[in-house]
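J.: Before I ask anything, let me first share the structure, which is written out below as structure tokens.
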Amino acid sequence: MKRTNRDTETSAGRVTRRSLVLGSVQLGIAGVLGWRMQQMQVEQADQFRLLAEENRINMRLLAPARGMIFDRNGIPLAENSQNYRIVIVREDAGDVEAALEKLRQLIYIGDDEIERTLKEIARRSSFVPVTVTDQRSWDDLAAVAVNTPALPGITPDVGLTRNYPLGPDYAHVVGYVGPVSDYDLSKIDDDDPLLQIPKFQIGKTGVEQKYEHDLRGKAGAKRIEVNAAGRVMRELDRDEGVPGTDLQLTVESKLQNFTEARLALGLSAAAVVMDVQTGDLVAVGNAPTFDPNKFVRGISVSDYGDLTGNKYRPLANKAVQGAYPPGSTFKMLVSLAALESGLLSSDETIYCGGYTELGNRRFHCWKRGGHGRMNLEQSLQQSCDVFYYELAQRVGIDRIAEQARKFGIGEEFDLPMSAVTSGVMPDKAWKRERYGQEWRVGDSLNAAIGQGYVLSSPLQLAVMTARIASGTRIKPRLVKSIDGVETPVVGAEPLDLNEGHLRLIRKGMYAVSNTGRGTGYGSRIEREGFTMAGKSGTSQVRSVVVNNADVPWEERDHGLFVCYAPYDNPKYAVSVIVEHGGGGSSAAAPVARDIMLFALHGELPPLESYPSNDRGKIEELFAGLDLRSDFRPSENRRSRV
Amino acid sequence: MSYLENNLKRVPTGLSKVLYLNWPLFLLLCAVACAGFLMLYSVAGGSIDRWAEPQMERFAVGCAAMFLIAMVPIWFWRNMAGLAYLTSLALLVGVEVAGTVGMGAQRWIDLGFMRLQPSELMKIALVMILAAYYDWLDVKKVSNPIWVIPPLILIALPTLLVLKQPDLGTALLLIMGGGAVMFCAGVSWWYWGIAIAGGVGTVTAVFSSRGTPWQLLKDYQYRRIDTFLDPASDPLGSGYHITQSKIALGSGGWTGRGFMQGTQSRLNFLPEKHTDFIFTTLAEEFGFVGAVSLLAVYIGIVVFCIVSAMQNRDRFGALVTLGIGTTFFLFFAVNMAMVMGLAPVVGVPLPLVSYGGSAMLVLMCGFGLVQSAHVHRLRSR
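As you go down the protein sequences, you meet chains A and B in turn.
Quick note on numbering: the first sequence equals residues 1 to 641 in full-length UniProt numbering.
Quick note on numbering: the second sequence equals residues 1 to 381 in full-length UniProt numbering.
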């Protein structure tokens, strides 16, 4: 420390100068820092504020309530029911297995559900709620709710799910919804963000599919604040979206229920009931059927296998998808074609000797011995084939086809059901195009008795019958109103036909059902003012005529029956097919009669409507039917926004 | 009678020293610490015992240490400089050998009651030894090349050890803090010209060595530099910190979102929100006004150090004061520059605000030296 005063002063002076320099540099740097703060927090604040909002705010889609589907009386066919479920949050539960064990002491939970829950919990973040079990009863939910203090991390929760209160009755008409799949997404060109929601339910078949766009509604959204890990901190605001549009169908649930139950007595059958004046499809029945509710949650593989492996094809909507040879039910149209083209007069008779010879081929009548002389009415009444072989040769296929198409044969009706078939109404051009062959007269003969190339669905036969009964070109409709707006009745204007000719056909059909020799006499309605006019049909599956009892089910004839009633003031047209059921008059006519009577009465018909010697049998049959009695009108019909 | 003895009589003795403490400086330190408590309370989501309370306890201990050191005459500390330096150096070697791995780098020695970062200790010890060296060295020899070498070695030893940990931020702080003492001691401007040229050369070397076998920095350090140069290049990876930090800071606006209202830090978008990035939360919640105020208080502390040094005729006291002041300046300047995207993320805490024991204790000890130098300064006539 040998330092002189001068040294000290020199040193201190230098330190002072240097520290001033240092201080200036530091102040300069601090100035840069301050300038940078000003830049970021004042000049660019808005920009950063925006980025910050993007950071923390997420949009979550809210699925709108799907539109409901009602029958013509407002009974809900498809609704959104509360789905009571139990969820668990891992981080709140602590020991998950212990918590689940406690829950199991309270309500029943299957081992598979526990297993699935544990698997899902392991995959998810600790704060994500995982569904332990769903579709629980209110009692289960309440049991969990009152015990929540003892069940850490376990909470009852309510969501919405599609529900079909009438279950199997409308499986084919209304269809069902199911979780959207990648396959669905690849098929539909729709950028609706809702489809991106996992397990979002969309219509898969039937009305649910065809009216998907209206039923779905518009997505709502909520803005939520999330943290960096994606955890939801709070909800900022929400827009509920627009719920789907409600639909009202033309079907009538009691009749539909009866139709399904009555058809179920056959192995595989279908029926269509149509309002003759409005075209309303009041019932579209299929047997066997299935429970669409199983599809909503995702059907199990074994259940699905049972449905697809069943030879009676429960998944098929045979009433509109099935294309069958119409058999003798086609004869009305052939007669009309002959009458309209002037090649048959109303009182003309044709001799039936049991067969017609064409070249070296014999075309047999179903009655081997022949019918003798037949006029038009008798030919329908007794369903003489030879009469129609003769007409076919006179009229030719093209005129038959032209006439048949006026009655809906070969027409694909625009109805919101899956795979509605157009059937086949062949003509010369069709055969050339389809097979590259010329039409032969033999083809006409087959077509004249509804065999060969002619194919029609029960729906088309119902439309045909309704048009015969009403004389109008009425079109079938399934949707009565959309969002309260009535859909128009189409085709109520008269057909371009001679009314006298139509009357002749109707008379023939009357004879079928109400005269002793009529093929449908056994299934007549005796009640005054309810009398029915019909026509039976038996369409061969194999070309050789054999005794149905001797062959396996798949090779037996289809039984068909079409009818309308009341005869003098037609209200309903009914068509029934019993697949491989044998003859139309024995297999299909009784079914059609029962359905018709139910439709006319609006309830189970009184026994007085039946011929007296049938009543015992009918009473027994009705007692065996498992009919639904709980048609509740809509209680949770949504109020419109 | 020497000048020295003459002036010594004017140095206060006994308890009266308390009156001669640099009280404004202390008040500014308290102000910064309080801002720190508030922010720690805020980032803990309104919980006092998570970070704020331990931090208060440490600040209390730090204050006690500061007063204790301030009461002891500065020449005692000058004599202790060599011991402090050697101890710190030994501890730095110690962490190499027996350090605990934390945050991906060996930086701590577990003392049982607290985890000590020897590199923090070294920041003060280096300033002390350099100040002592220049106090001992004849003023005329300061720029003599022979006498420039020893301080360079004194700086290089701990810097290399810290780089090995690896802790780029502390290494830079050591070099710049040591350099500041040398600068103030009066080392010729020529050397500074050479040093700047050398620095540029080093940076070039660092970048050109990348990917070669003699790579000078660790990969993650290169990545941090990349990130600094272009944070948007990897917004979710290494650029995430700086991008999120800038968003939070910028979104504060003029007056901020309000205390406890900052969304970005609260929602965990910010990493290390209670340590290196705490300034971001402050800037988000108190806005430009709050951030600039804190900066002003920091500058106030540095200015008080410089003024105190300028009043001090004692070479050691003045140089230590300047060295500590500069180290403190470097802390907050580098930290703020880092969170504002002006400097790479090098892991330097915001002094007295960031949560962390050793940094706060060591800084308070450093300010104890500053206070001691202030109380025991040689006053001019």
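All residues carry an ideal CB built from backbone N, CA and C; glycine is no exception.
Kindly list, in the order they appear in chain B, the residues whose Cβ is closer than 8 Å to that of Q41 (chain A).
T.: L249, G250, G252, G253, W254, A283, G287, F288 and A291
J.: Taking 9 Å as the CB-CB cut-off, is R313 (chain B) touching chain A?
T.: Chain A, which has a Cβ nearer than 9 Å to the Cβ of R313 (chain B), makes this yes.
J.: Thinking C-alpha only, which one of B:P12, B:A60, B:K218 and B:Q117 is nearest V72 (chain B)?
T.: B:P12
J.: So which residues of chain B does A143 (chain A) contact, with C-beta pairs closer than 8 Å?
T.: Within 8 Å Cβ-Cβ: nothing; A143 (chain A) doesn't reach chain B, min ~36 Å.
J.: Measure the CB-CB distance between T16 (chain A) and M364 (chain B) and report whether it falls below 9 Å.
T.: no
J.: Can you tell me where the alpha helix (DSSP H) holding M364 (chain B) begins and where it ends?
T.: Under the DSSP assignment, M364 (chain B) falls in the alpha helix (DSSP H) whose first and last residues are G357 to V375.
J.: Using a Cβ-Cβ cutoff of 7 Å, what residues of the region 321-349 of chain B are near chain A? List them in chain order.
T.: Closer than 7 Å at the C-beta level to chain A, one finds these residues of the region 321-349 of chain B: L322, T326, F329, A333, M336, A337, M340 and L342.
J.: Just list the residues that DSSP pairs A287 (chain A) with in beta bridges.
T.: A:A269
J.: Which of the three DSSP states is assigned to E357 (chain A) in this structure?
T.: In the structure shown, E357 (chain A) sits in a strand (DSSP, three-state: E or B).
J.: By how many angstroms is the C-alpha of Y564 (chain A) removed from the C-alpha of Y572 (chain A)?
T.: C-alpha separation (whole angstroms): 5 Å.
J.: Go through its chain and collect everything with a Cβ distance to T259 (chain A)'s Cβ below 7 Å, but skip five positions before and after it.
T.: A271, V273, A283, G285 and I595
J.: Select from the region 362-381 of chain B all residues with a C-beta closer than 7 Å to any C-beta belonging to chain A, and list them in chain order.
T.: Within the region 362-381 of chain B, no residue qualifies.
J.: Check for me: the beta strand (DSSP E) holding D134 (chain A) runs from which residue to which?
T.: P129 to R136
J.: Taking only three categories from DSSP, how would you classify Y298 (chain B)?
T.: Helix at Y298 (chain B).
J.: Starting from the Cα of T281 (chain B), find the closest Cα among B:R210, B:M260 and B:L163 and give me that residue.
T.: B:M260
J.: Quick check on A98 (chain A): buried or exposed, where buried means 16 or more other Cβ atoms within 10 Å of its Cβ?
T.: Exposed: under 16 other Cβ atoms inside 10 Å.
J.: I need the straight-line Cα distance from V97 (chain B) to L89 (chain B), nearest angstrom please.
T.: For V97 (chain B) and L89 (chain B), the distance between alpha carbons rounds to 13 Å.
J.: Would you mind working out which of A:A219, A:K210, A:K187 and A:D189 sits nearest F200 (chain A), comparing C-alpha positions?
T.: A:A219
J.: When we look at the beta-carbon of T356 (chain A) and count the other beta-carbons within 10 Å, is it buried (16 or more) or exposed?
T.: It is buried - the Cβ of T356 (chain A) has at least 16 other Cβ atoms within 10 Å.
J.: In angstroms with no decimal places, state the Cα-to-Cα distance between L339 (chain A) and T308 (chain A).
T.: 46 Å
J.: Does DSSP put T13 (chain B) in a helix, a strand or coil?
T.: coil
J.: When DSSP labels each residue in this structure, what does T519 (chain A) get in the three-state scheme?
T.: coil
J.: I'd like to know if F48 (chain A) contacts chain B, where contact means its C-beta is closer than 9 Å to some C-beta of that chain.
T.: yes
J.: Determine the extent of the beta strand (DSSP E) in which R373 (chain A) is found, giving its start and end residues.
T.: G372 to M374
J.: By Cβ distance below 8 Å, which residues in the same chain neighbour T289 (chain A) in space, the five residues on each side in sequence not counted?
T.: P168, D169, A171, H172, E260, A264 and P314
J.: Based on the DSSP secondary-structure assignment, which residues constitute the bridge partners of M274 (chain A)?
T.: A:L281 and A:A573
J.: Jot down the residue ranges of each uninterrupted beta strand (DSSP E) in the region 102-188 of chain A, minimum 3 residues, whole runs only, in chain order.
T.: 129-136, 154-163 and 177-179
J.: Got a sec: which bits of the region 176-187 of chain B sit with their beta carbon under 8 Å from any beta carbon on chain A, in order along the chain?
T.: Under the 8 Å Cβ criterion, the region 176-187 of chain B contributes A180, F183, C184, A185 and G186.
J.: Going by CA-CA distance only, name the one from B:K123, B:F279 and B:G45 that's closest to I247 (chain B).
T.: B:F279
J.: Taking the straight line between their C-alpha atoms, what separation do you get for F329 (chain B) and T131 (chain A)?
T.: When the Cα atoms are used, F329 (chain B) and T131 (chain A) turn out to be separated by approximately 56 Å.
J.: Determine the extent of the alpha helix (DSSP H) in which G203 (chain A) is found, giving its start and end residues.
T.: Element bounds for G203 (chain A): not the alpha helix (DSSP H) but the beta strand (DSSP E), Q201 to G203.
J.: Nearest-angstrom Cα distance between L627 (chain A) and H601 (chain A)?
T.: 16 Å
J.: With V292 (chain B) and L369 (chain B) assumed to form a contact (beta carbons below 8 Å), what rounded beta-carbon distance in angstroms separates them?
T.: Actually they are not in contact, since the Cβ atoms of V292 (chain B) and L369 (chain B) sit about 29 Å apart, beyond 8 Å.
J.: Report the start-end ranges of each alpha helix (DSSP H) in the region 469-517 of chain A that is 4 residues or longer and not cut off at the edges.
T.: 499-514
J.: Is the Cβ-Cβ distance between residue 669 (chain A) and V551 (chain A) less than 9 Å?
T.: Outside the shown range of chain A (1 to 641) lies residue 669 (chain A), about which nothing can therefore be said.
J.: Quick check on the DSSP output: the beta strand (DSSP E) that includes T421 (chain A) runs from which residue to which?
T.: Careful: T421 (chain A) lies outside any beta strand (DSSP E) and carries neither H nor E.
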